[in-house]
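Q:
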Amino acid sequence: MHYDFKKIEEKWQKKWAKAHVFRAQADSTRKKYYLLEMFPYPSGKIHMGHVRNYTIGDVASRFKTLEGYNVMHPMGFDAFGQPAENAAIKNKTKPVDWTHKCIKDMETELKKMGFSYDWEREVSTCDSDYYKWNQWIFLKMFERGLAYRKASGVNWCPSCQTTLANEEVIEGGCWRCHTKVEQKDLVQWYLKITEYKERLLEDLNQLKNWPQRVLAMQNNWIGKSSGVDIYFRLENSDRTIPVFTTRVDTIFGATYIVLAPEHPLVLDLVKDKPQEKEVLQFMKKVARESKLVRTASDVKKEGVFTGSFAINPVNNEKVPIWIADYVLMEYGTGAIMAVPTHDQRDFLFAKEHKLPLRVVIEPKDKSISSAAELSEAYEGDGRQVNSGEFNGLDNQEAKTRIAQWMEAKGIGKIQTHFRLRDWLISRQRYWGTPIPMIYCPACGIVPVPYKDLPVELPASAPFTGEGGSPLGKVKKFVEVKCPKCKGQARRETDTMATFFDSSWYFLRFCSPKFNDAPFDVKEAKYWMMVDQYIGGIEHAILHLLYSRFFTKFFQDLKMIDFTEPFDKLLTQGMVLKDGEVMSKSKGNIVDPDSMIKNYGADALRLFILFAAPPETELEWEERGLEGAYKFLNRVWRIQENLKSNADLQVLRALHRTIKKVSTDFSEFKFNTAIASFMELTNVIYQLGADKKVFSDFVIMLSPIAPHFCEELWEILGYNESIFKAPWPKFNPELLIEENVELVIQVNGKLRSKIEVPRNIAEDKLKELVLKDEKLISWFEGKSPKKIIIVPQKLINIVI
RNA sequence: GCGGAGGUGGUGGAAUGGCAGACACGCAGGUCUCAGAAGCCUGUGCCGCAAGGUGUGAGGGUUCAACUCCCUCCCUCCGCACCA
Numbered sequence: 109m110h111y112d113f114k115k116i117e118e119k120w121q122k123k124w125a126k127a128h129v130f131r132a133q134a135d136s137t138r139k140k141y142y143l144l145e146m147f148p149y150p151s152g153k154i155h156m157g158h159v160r161n162y163t164i165g166d167v168a169s170r171f172k173t174l175e176g177y178n179v180m181h182p183m184g185f186d187a188f189g190q191p192a193e194n195a196a197i198k199n200k201t202k203p204v205d206w207t208h209k210c211i212k213d214m215e216t217e218l219k220k221m222g223f224s225y226d227w228e229r230e231v232s233t234c235d236s237d238y239y240k241w242n243q244w245i246f247l248k249m250f251e252r253g254l255a256y257r258k259a260s261g262v263n264w265c266p267s268c269q270t271t272l273a274n275e276e277v278i279e280g281g282c283w284r285c286h287t288k289v290e291q292k293d294l295v296q297w298y299l300k301i302t303e304y305k306e307r308l309l310e311d312l313n314q315l316k317n318w319p320q321r322v323l324a325m326q327n328n329w330i331g332k333s334s335g336v337d338i339y340f341r342l343e344n345s346d347r348t349i350p351v352f353t354t355r356v357d358t359i360f361g362a363t364y365i366v367l368a369p370e371h372p373l374v375l376d377l378v379k380d381k382p383q384e385k386e387v388l389q390f391m392k393k394v395a396r397e398s399k400l401v402r403t404a405s406d407v408k409k410e411g412v413f414t415g416s417f418a419i420n421p422v423n424n425e426k427v428p429i430w431i432a433d434y435v436l437m438e439y440g441t442g443a444i445m446a447v448p449t450h451d452q453r454d455f456l457f458a459k460e461h462k463l464p465l466r467v468v469i470e471p472k473d474k475s476i477s478s479a480a481e482l483s484e485a486y487e488g489d490g491r492q493v494n495s496g497e498f499n500g501l502d503n504q505e506a507k508t509r510i511a512q513w514m515e516a517k518g519i520g521k522i523q524t525h526f527r528l529r530d531w532l533i534s535r536q537r538y539w540g541t542p543i544p545m546i547y548c549p550a551c552g553i554v555p556v557p558y559k560d561l562p563v564e565l566p567a568s569a570p571f572t573g574e575g576g577s578p579l580g581k582v583k584k585f586v587e588v589k590c591p592k593c594k595g596q597a598r599r600e601t602d603t604m605a606t607f608f609d610s611s612w613y614f615l616r617f618c619s620p621k622f623n624d625a626p627f628d629v630k631e632a633k634y635w636m637m638v639d640q641y642i643g644g645i646e647h648a649i650l651h652l653l654y655s656r657f658f659t660k661f662f663q664d665l666k667m668i669d670f671t672e673p674f675d676k677l678l679t680q681g682m683v684l685k686d687g688e689v690m691s692k693s694k695g696n697i698v699d700p701d702s703m704i705k706n707y708g709a710d711a712l713r714l715f716i717l718f719a720a721p722p723e724t725e726l727e728w729e730e731r732g733l734e735g736a737y738k739f740l741n742r743v744w745r746i747q748e749n750l751k752s753n754a755d756l757q758v759l760r761a762l763h764r765t766i767k768k769v770s771t772d773f774s775e776f777k778f779n780t781a782i783a784s785f786m787e788l789t790n791v792i793y794q795l796g797a798d799k800k801v802f803s804d805f806v807i808m809l810s811p812i813a814p815h816f817c818e819e820l821w822e823i824l825g826y827n828e829s830i831f832k833a834p835w836p837k838f839n840p841e842l843l844i845e846e847n848v849e850l851v852i853q854v855n856g857k858l859r860s861k862i863e864v865p866r867n868i869a870e871d872k873l874k875e876l877v878l879k880d881e882k883l884i885s886w887f888e889g890k891s892p893k894k895i896i897i898v899p900q901k902l903i904n905i906v907i
C-alpha cells in the first residue's frame, strides 16, 4: 500500500556511506563540476531554509553526476561565533564542546535528508588546522600592508559587547541582535578592502550568471561616484577646504559651504569668534546623536554659522562657512558646496537659515528670472546661466568643460569617491580566530612567525558576556616572549570577525587536509571556480564581497589564476509560514525532522522543489507535502504493475519527459520538471509501462527522491547504484507525431480545432478549414481576407 | 530619492509573440466499502440553463495574434540612502 520510507531511507544512507559513493577525486581526464551550498552555522538543528538550500544543491549535484561529470559536493561548518559563547554561559559548558556537539547533531540531520556530500572533505572553521590558515592569510595581508591597525570611531554593539563592521550595521542596529549601535573610539585591525574597490566593481561585469539584484547590491555597496574636488580657499589664509561634488556644473551657484561637524578644520575656524560657543554646543549635540537619528530622512536639517568665510575659486566670491548635521565626515571630503537652487537639501537649508540663492541652470523650455520664484530646487538638466564663460552651454557638456578648466587652473581635481570602507575585523570575543600579533614594548607590533602558527585558542576563558576581550584575562595566552628581542611582550587579545573564516572556505574544500598552505594550488586549479554556488540572499553583500576580495588577494599572491570565485550564483527564496518568515519568536517554525518522520526525506525534498521555483519565496503547506508523498506512492504502484511491452504512446510520453526534464534540471526549474513527471505518471496510469520505460523514469526522478529510486532500481533488478547509471537520452524521432492538432482562430479567437497529418500541404489545409462546418457561421458570409498558418500550431483566418 | 524583483483562478504556480491557467493543493460528484481511511475515475477561472460572453494590476499602442513587445500610470516586496 505505502512504500516503507523509513526502512528504505536508512538502508540507502548506510549503503552510500559505506561505499563512499560521493567521494570526489581530482581526475584531469574528466570534466569537473564543483557544486557548493553556503555552509551553515552549527546551531544544532537544521531548519527549513537549510533543507531548501541543500535540497536544491543536492538535486543539481546528483543530476550532474548522472550526466557524467566528476562532481565535488562538500559540506562543512562555519563554527566560530557568538552563539557558542552565549550557549556556553547559559549551559556552563565550553564553547568548543557545545560547538562540536552541535556539529554532530547537524551532521546527523543532514544525513537524514540523504544529501550527497563528500563528508571526507568536511571542515569546521573552529578547528585549529583550519583557523591556522586564517592566521597565515592575515600575516600575508599584513606583509602587503593590507592588514593595519587604526584608531577611529567604530561601531559598537553594547549588547554583544563588540565592534561591528559597517556591513554589519543594519538600519543603525546590530545585524545580529538589532541593538542600537553606538560610536566608540578604539584601536582596531582593519583589512584594506578599499585597495580592491576598482576591481571589485569592474569584475562584477564578469559575473554573467549572478542574479541582477545581487550585482546591483554589490555595485550599490561599493558606491562609486565621480565628480570634482573643488578647492575653496579660506578667507585671509592660505589654507584650502576641498569639497566634493558630482554637479560641478552648478559651481557658479554655490552660495555657501557646509562642513561636517566633525571636520578637523572646524575648531580652528571658530576659535575666538563670537560664534564659538554656539558651534561647540552644536558639535556636542551632534556627537551625542546616534547615526540612526542623524540620518533619518524626515528630520529637519540643523546647522550653525562658523563666523568664517571661504572664497569660491571660480568667481572669487566670498561665501559663508556653515556646519550642519546632514554633512557626513565619512563620505567624500566631509565638506560640500551648497547650491540651493539645484539641490533640494541645500534648498531647504538655505530657506531655513535665510541664505542666498542663485539660479545657474535653466530648464530648456522655460526661463527662471529669479531664484525667489522657485518653490523647490531644480535638479534636472538644462542650459548654463550666470556661469561666466560657460553661459549658454548644455549643463552636461559644461560638467566636463568646467572640470577640465578647473584642473588646468589648479582649483579643482577630477575625483572619484567610494562608499566602500575598509573592513574592521577586530572582535572583542573569545570564540574566534586569534589575531596573530604581538605587542612588544621594545619592537612595537610584531607578527607571530609562520612557524609558530597556529596561535591556539586556550581551551577556555572567563567569558561572562560583560565587556572586554575574554582572552585578555588568560594570563598564559597574553604573556609571551617577543619573537624579535625575546623580551616580555603581550599578545593581541582580539579575535577575527567570523566573516574572515567564510571568505575562503570554498578553496579549503579543494584540499581540506593540506598542510603546507591554505590550499593545494594544484587541487584548486582543477576544482575552482565553484561552478554553482547556492545560498540565501542575506549574504548578497557581506559574504560574497569578502569572498571576492580574498580571491583577488590569492590571485595577487599568484596562488590561483582566476579572479572571481563563483561562476553561477543562485539565491534561493525563503520558506514562509502563513506569509511570514519562520522564527522562534513568532512560534511558526516547522521542524524538518518531524516532517521526515511523518513523510520521509524523499517526500520532503519533492515537495520543497515542487511548491515554487528556487528563487521565489515558498509558502509552507503541509497538505502539499502530503501530496508529494501521495505522488511517490503512485510511482511505487507502477512498479507493481509493469507490462512486458510499452505502448508507443507511452514511449512518446517518456521521451517528451526526458527532453523537458533534461533542460529543466540544468536550468534549476525543478517545479516544472516535477510537473512533467506527474504528467508521465498520469499517462502510465492509463496505458501502463514496461521495465525499460520505468527504468528511465526512475533514473530521472532519482536526483529528487534518491532513496526511493535506489530502492526501485534494486527491485527492477539492477545491481549497481542508480547513480552509476547514465542519464537517459531522448530519441528525436519519437517526439514527432504523425498527426497534429491545429488550433483554428477566426480573427484571433479560438473557434475550432482540427487533427491533420503533420506535413499537410498548406493548400490542402486551407481547403479543409474553409469547409469546416463549425467555422462557417463565424465567416458571416464574407470571404477571408488573409489566412495565417503557423506550421503544426495554428491557423488564423482574418475576415 | 536611487537601484533591483514582482503583480495571472479559492491557493502554490505554468505559459517569453501562437489554445491563458500545465502540474498540484483545495472543493464537488462518482466508484469501491457494512462503514470509514486509502486508492481509482470525473468535474472545477468568472458570468450564463445554454449558445455564447468575458478574463493575466489600470489605461493606451504595435500585431493576423499580446500574460509575453512598446508607452503612460498604479500597487507590493527587497537593497541602499541627508552619499554631496
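Start counting at 1 in the first sequence, then tack on 108, and there's your number in our numbering.
Yeah, the Cβ is synthetic: ideal placement off N, Cα and C, and Gly gets one too.
Taking DSSP as the reference, what is the three-state secondary structure of Asp-293?
A: As a working note, residue 293 is residue 185 in the first sequence. Note: Asp-293 maps to strand in three-state DSSP.
Q: Could you spell out the range, first to last residue, of the beta strand (DSSP E) harbouring Met-180?
A: Reading the first sequence from its first residue, position 72 is the one you call residue 180. Unbroken beta strand (DSSP E) run through Met-180: 178-180.
Q: Nearest-angstrom Cα distance between Lys-332 and Arg-527?
A: Here residue 332 refers to the residue found at position 224 of the first sequence. Here residue 527 refers to the residue found at position 419 of the first sequence. About 7 Å.
Q: Starting from the N-terminal side, write out each stretch of the alpha helix (DSSP H) that is 4 residues or longer and does not extend beyond the stretch 781-842.
A: Counting whole runs of 4 or more residues, the stretch 781-842 contains the alpha helix (DSSP H) stretches 799-809, 814-823.
Q: Excluding five sequence neighbours on each side, which residues of the same chain lie with their C-beta closer than 6 Å to the C-beta of Glu-819?
A: Sequence index remark: in the first sequence, residue 819 carries index 711 (1-based). Excluding sequence neighbours, Glu-819 sits near Ile-116.
Q: Output the distance between the C-alpha atoms of Tyr-225 and Arg-131, rounded to the nearest integer angstrom.
A: Counting from 1 along the first sequence, the entry for residue 225 is found at position 117. Counting from 1 along the first sequence, the entry for residue 131 is found at position 23. Spanning the two alpha carbons is a distance of roughly 8 Å.
Q: Can you tell me which residues form a DSSP beta bridge with Thr-524?
A: Looking up residue 524 in the first sequence gives position 416. For Thr-524, which the question treats as bridged, DSSP gives the partners Ser-334.
Q: Do you know offhand how far Ile-903's Cα is from Val-854's?
A: As a working mapping, residue 903 is identified with position 795 in the first sequence. As a working mapping, residue 854 is identified with position 746 in the first sequence. Going from the Cα of Ile-903 to the Cα of Val-854 covers about 8 Å.
Q: Closer than 6 Å by C-beta to Leu-400: which residues in its own chain qualify, once you throw out the five before and the five after it? Chain order, please.
A: As a working note, residue 400 is residue 292 in the first sequence. With a pLDDT of 49 at Leu-400, under the threshold of 50, the modelled position of this residue cannot be trusted; read the value that follows with caution. Closer than 6 Å at Cβ, skipping near neighbours: Gly-280.
Q: So which of Ile-301, Val-179, Lys-198, Phe-608 has the shortest CA-CA distance to Phe-188?
A: Position 80 of the first sequence, counted from the first residue, corresponds to residue 188. For the residues Ile-301, Val-179, Lys-198, Phe-608, the minimum Cα distance to Phe-188 belongs to Phe-608.
Q: Taking the CB atoms as reference points, tell me whether Pro-191 and Ser-136 lie closer together than 8 Å.
A: What you label residue 191 is simply residue 83 of the first sequence in a count that begins at 1. What you label residue 136 is simply residue 28 of the first sequence in a count that begins at 1. No, these two residues do not count as a Cβ contact at 8 Å.
Q: Give the DSSP bridge partners of Asp-502, in chain order.
A: One-based indexing of the first sequence puts residue 502 at position 394. Looking at the DSSP assignment, Asp-502 forms a beta bridge with Arg-491.
Q: How about Pro-428 and Tyr-364: are their beta carbons less than 8 Å apart?
A: Mapped onto the first sequence, residue 428 falls at position 320. Mapped onto the first sequence, residue 364 falls at position 256. Yes, the pair counts as a contact, with Cβ atoms nearer than the cut-off.
Q: DSSP on Phe-622, reduced to helix/strand/coil?
A: Numbered from its first residue, the first sequence carries residue 622 at position 514. Coil at Phe-622, not helix or strand.
Q: Measure the CB-CB distance between Leu-143 and Asp-639 and report whether it falls below 8 Å.
A: Working through the first sequence from its first residue, we reach residue 143 at position 35. Working through the first sequence from its first residue, we reach residue 639 at position 531. In contact: Leu-143 and Asp-639 (Cβ atoms closer than 8 Å).
Q: If Lys-751 and Ala-781 are in contact, beta carbons under 8 Å, what's the gap, nearest whole angstrom?
A: Numbered from 1 along the first sequence, position 643 holds the residue referred to as residue 751. Numbered from 1 along the first sequence, position 673 holds the residue referred to as residue 781. That belief does not hold up - the Cβ atoms of Lys-751 and Ala-781 are roughly 25 Å apart, past 8 Å.
Q: Taking Leu-377 and Ser-416 to be in contact with their CB atoms under 8 Å, please state how far apart those CB atoms are, rounded to whole angstroms.
A: By 1-based counting over the first sequence, the position of residue 377 is 269. By 1-based counting over the first sequence, the position of residue 416 is 308. Going by Cβ atoms, the distance from Leu-377 to Ser-416 rounds to 4 Å, so yes, they are a contact pair.
Q: On the premise that His-158 lies in contact with Ser-169, defined as a C-beta separation below 8 Å, what is that separation, rounded to the nearest angstrom?
A: Translated into positions along the first sequence, residue 169 becomes position 61. Translated into positions along the first sequence, residue 158 becomes position 50. Incorrect: roughly 16 Å between the Cβ atoms, too far for contact.
Q: Where Val-851 and Trp-728 are concerned, what is the direct C-alpha to C-alpha distance, given to the nearest angstrom?
A: Stepping through the first sequence from its first residue, residue 851 is reached at position 743. Stepping through the first sequence from its first residue, residue 728 is reached at position 620. Near 39 Å, if we compare the C-alpha coordinates of Trp-728 and Val-851.
Q: With DSSP run on the structure shown, which of helix, strand or coil describes Ser-405?
A: Start at 1 with the first residue of the first sequence, and residue 405 comes out as number 297. Unreliable placement is indicated for Ser-405, whose pLDDT of 45 sits below 50; the coordinate value is still reported in the next sentence. Coil at Ser-405, not helix or strand.
Q: Considering just the uninterrupted stretch of the alpha helix (DSSP H) at Lys-115, what are its terminal residues?
A: Position 7 of the first sequence, counted from the first residue, corresponds to residue 115. Where Lys-115 is concerned, the enclosing alpha helix (DSSP H) stretches over 113-127.
Q: Can you list, in chain order, the residues of its chain with a C-beta nearer than 6 Å to that of Asp-755? Leave out the 5 residues immediately preceding and following it.
A: For the purposes of this step, residue 755 is taken as the residue at position 647 of the first sequence. Here the set comprises Leu-795.
Q: With a floor of 4 residues, list each alpha helix (DSSP H) that falls wholly inside the stretch 327-389, ordered by position along the chain.
A: For the stretch 327-389, whole alpha helix (DSSP H) runs of length 4 or above, ordered along the chain, are 374-378.
Q: In the DSSP assignment, find the alpha helix (DSSP H) that holds Glu-217 and state where it starts and stops.
A: Here residue 217 refers to the residue found at position 109 of the first sequence. Its alpha helix (DSSP H) spans residues 203-220.
Q: Please list, in chain order, all residues of the same chain as His-110 whose beta carbon is under 7 Å from its beta carbon, the five residues on each side excluded.
A: For the purposes of this step, residue 110 is identified with residue 2 of the first sequence, where counting begins at 1. Only Asn-741 meet the Cβ criterion.
Q: Assuming Ala-134 and Glu-631 make a contact with CB atoms under 8 Å, what is their CB distance in whole Å?
A: As a first step, residue 134 must be located in the first sequence, where it is residue number 26. As a first step, residue 631 must be located in the first sequence, where it is residue number 523. With a Cβ gap of about 6 Å, Ala-134 and Glu-631 count as contacting.
Q: Could you tell me the distance, in whole angstroms, from the CA atom of Gln-504 to the CA atom of Thr-354?
A: Translated into positions along the first sequence, residue 504 becomes position 396. Translated into positions along the first sequence, residue 354 becomes position 246. Approximately 11 Å between the Cα atoms of the pair.
Q: At which residues does the beta strand (DSSP E) containing Trp-886 begin and terminate?
A: Sequence index remark: in the first sequence, residue 886 carries index 778 (1-based). Premise fails: Trp-886 lies in the alpha helix (DSSP H), 881-887, not in any beta strand (DSSP E).
Q: Please go through the same chain and pick out, in chain order, the residues whose beta-carbon is closer than 7 Å to the beta-carbon of Thr-173, but skip the five residues on each side of it.
A: As a first step, residue 173 is located in the first sequence; it is residue number 65 there, counting from the start. These residues qualify, in order along the chain: Val-179, Phe-831.
Q: Report the three-state DSSP secondary structure of Lys-288 (helix, strand or coil).
A: In the first sequence, counting from the first residue as 1, residue 288 sits at position 180. Note: Lys-288 maps to strand in three-state DSSP.
Q: Mark His-155 as exposed unless 16 or more other C-beta atoms lie within 10 angstroms of its C-beta, in which case mark it buried.
A: If you number the first sequence from 1, residue 155 lands on position 47. With 16 or more other Cβ atoms within 10 Å, it is buried.
Q: Mapping the DSSP letters down to three states, classify Glu-193 as helix, strand or coil.
A: Looking up residue 193 in the first sequence gives position 85. It is helical.
Q: Using 8 Å as the cut-off, can you tell me whether the stretch 768-779 makes contact with the stretch 708-722, which would need three or more C-beta pairs spanning the two stretches below that distance?
A: Flag = yes, the stretch 768-779 and the stretch 708-722 touch.
Q: Would you call the stretch 667-676 and the stretch 307-317 in contact, with 3 or more CB pairs under 8 Å?
A: Flag = yes, the stretch 667-676 and the stretch 307-317 touch.
Q: Please name the residue, chosen from Asn-749, Cys-210, Asp-804, that lies closest to His-763 on a Cα-to-Cα basis.
A: For this step, residue 763 is matched to residue 655 along the first sequence. If we check each option's Cα against that of His-763, Asp-804 comes out closest.
Q: Are Ile-444 and Phe-340 close, meaning C-beta to C-beta below 8 Å?
A: Along the first sequence, read from residue 1 onward, the residue named residue 444 stands at position 336. Along the first sequence, read from residue 1 onward, the residue named residue 340 stands at position 232. No; because the gap between Cβ atoms is not below 8 Å, this pair is not in contact.
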